[in-house]
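Working notes for the structure below.
Protein chains: 2
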Amino acid sequence: MPNRQLAIPQQECADCPIRHRAVCARCETDELEHLESIKYYRKFEAGQTVVWAGDKMDFVASVIEGVASLTQTMEDGRRQMVGLLLPSDFLGRPNRDTAPYDVVASTDVMLCCFRRAPFQKLIAENANISQRLLEMTLDELDAAREWMLLLGRKTAREKIASLLSIIARRDASLKDLPSKGEVSFDLPLTREAMADYLGLTLETVSRQMSALKRDDVIRLEGKRHITIPDFDLLMDETGDDADGGMLV
Amino acid sequence: MPNRQLAIPQQECADCPIRHRAVCARCETDELEHLESIKYYRKFEAGQTVVWAGDKMDFVASVIEGVASLTQTMEDGRRQMVGLLLPSDFLGRPNRDTAPYDVVASTDVMLCCFRRAPFQKLIAENANISQRLLEMTLDELDAAREWMLLLGRKTAREKIASLLSIIARRDASLKDLPSKGEVSFDLPLTREAMADYLGLTLETVSRQMSALKRDDVIRLEGKRHITIPDFDLLMDETGDDADGGMLV
DNA sequence: TGACTGTATTGATCTCGATCAATTACAGCG
DNA sequence: CGCTGTAATTGATCGAGATCAATACAGTCA
């Protein structure tokens, strides 16, 4: 299970809305004391675009609450999600001030932003931060490669099951619950966003969700709240091998 | 165009078979002098497996010559390539001694290997190397995301055109030639490997290659040598926008 | 030279997911 | 409460790419 926390795990932070999971001021680590001045928060509502592909981006950020997505679009409108950011994930890239993808809030999102220039200075001066960033980027690369297997070789049903298991796991680990037996959570994505994630159409997503429901692999309350009666049963549908191949 | 060189660009190195494009001894940079003892070379023949998924990997390496691929396999045999390593690309990951994917030589390959332990020490002590590694990993992440768009949303024809353009570009930049007008190169992949790259079957790859040939977008001499009469024409087939969206 | 082997091409057919289209469910709001 | 608009479901049909099968081709070895 990859560690997603950038620098200071498990410390409380007075002005963060949740338990602190990112570089931030107010933490009792002297090397980070001066961050105070470079940090600020931003809120986005579900559906809002955080940055457009090609825009200047004068900050990097850590997701505090909610879910955001990175999406690529072709001229003719075909779209593919290429990144899904959940709480504690990192957004942006040192040494590049132009966003390569659209970043869209899937739910209401709270970002903890850091101005670019001082953040880069911080990296340059602080070996352990850049090493942590390397670790996190390598984890993201692993996730991207798992995702490539999904896009290239899995069936629609396997794709859906994989996505649900990924979200269920992340959600469980956020709540410090095990992802075993009965698991339930709120889907932070529309059917369309799921389709963009999986390289499918929203109709196919809907059909396969219905099929999984019919086969009692999942249960739906409303459109968004999902209960998985038996997590192992869902895993059987993903096409992944039983032991932890999943790196996400 | 991403910089793929790890530390010391464009310096000659007495015992490297080609112009030096990777961390290595013998370079006149004192901080790297001690690498001498941790470095060694390994050759692999086309088709040979460098490491199996799950194997211990006690080295990291830089590709000096040839082409290798990273491939994921599902239990039932479905396979998806998730990385393509060309000369100057980096193989392996600090802080993980188990290979997550099969690494297979597509052509004869020469690796410049570094023993894991001293290499990690080097990173820990040497801020600019870990920063360079971060840069390279971020570039790979970009490439992976471009690849995800290909896998999720492109047609078979677009996939083939994209792959050819990627290889043509890399090959041209290796030979310090522009990728404009007429371009020609040797395909370092079998039809099957191309299929694994693109999430297609080898029959579809073959059919689309024939179609591109029929439409005079490419010309074939033998099965492997390819000439692109007009690079722009090929780019029109990729589905990418005209300006440099491509990051690979 | 011809048999053998692995790689590539081409053909015939089938299938999964896309596409086009109609309905339904539901939240917000006058 | 009944409108209105958005998200989701379901149905009917189509087609790109998969699958199964036969053939071509190039290299290698006896």
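Chains E and A, in that order, are what the protein sequence lines are.
Note that full-length UniProt numbering has the first sequence beginning at 1, numbered continuously upward.
Note that full-length UniProt numbering has the second sequence beginning at 1, numbered continuously upward.
Just so you know, even glycine gets a beta-carbon here, dropped at the ideal spot from N, CA and C.
Values in this document were obtained by computation on a predicted structure and should not be read as measured data.
- When E:Asp76, E:Ala61, E:Val51 are compared, the shortest CA-CA separation from Ala242 (chain A) is found for E:Asp76.
- Taking 8 Å as the CB threshold, Asp176 (chain A) stays off the interface with chain E.
- Judged by DSSP in its simplified three-state form, Tyr101 (chain A) adopts coil rather than helix or strand.
- Under DSSP, Asp108 (chain A) forms no beta bridge with any residue.
- Residue pairing by DSSP places Gln80 (chain E) opposite E:Gln72 in a beta bridge.
- Closest in C-alpha terms to Leu174 (chain E), from the list E:Ala61, E:Gly66, E:Tyr41, E:Ala127, comes E:Gly66.
- Contact between Thr98 (chain E) and Gly54 (chain E) holds: their C-beta atoms lie close to 6 Å from each other, under 8 Å.
- DSSP places Leu189 (chain E) in the coil class of the three-state scheme, outside both helix and strand.
- Residues of chain A whose Cβ lies closer than 8 Å to the Cβ of Asp232 (chain E) do not exist, since the nearest Cβ in that chain is about 16 Å away.
- Excluding five sequence positions before and after Arg79 (chain A), the CB atoms of its chain that fall closer than 8 Å to its own CB belong to Thr71, Gln72, Thr73, Asp196, given in chain order.
- As summarised for the stretch 105-144 of chain E, the continuous beta strand (DSSP E) elements at least 3 residues long and confined to that stretch are 109-115, given in chain order.
- Among the CB atoms of chain A, one or more fall inside 8 Å of the CB of Val82 (chain E).
- Excluding five sequence positions before and after Met209 (chain E), the CB atoms of its chain that fall closer than 8 Å to its own CB belong to Ile160, Arg191, Ile218, Leu220, given in chain order.
- The beta-carbon of Thr204 (chain E) is placed no less than 8 Å from the nearest beta-carbon of chain A.
- Within the UniProt domain "HTH crp-type" (154-232) of chain E, the complete beta strand (DSSP E) segments at least 3 residues long are 183-186, 219-221, 225-228, listed from N- to C-terminus.
- Residue nearest to Gln120 (chain A) within the set E:Val103, E:Phe90, E:Arg153, E:Gln131 is E:Gln131 (criterion: CA-CA distance).
- By the rule that beta-carbons nearer than 8 Å mark a contact, Pro118 (chain E) does not touch chain A.
- Annotation for Lys56 (chain E): no beta strand (DSSP E) segment contains it, and DSSP assigns it neither H nor E.
- Residue range 49-51 is occupied by the beta strand (DSSP E) that includes Thr49 (chain E).
- For the pair Leu234 (chain A) and Asp215 (chain A), the Cα-to-Cα distance works out to about 11 Å.
- Apart from sequence neighbours up to five positions away, the residues of its chain that approach Arg170 (chain E) with a beta-carbon distance below 7 Å are Leu86, ordered along the chain.
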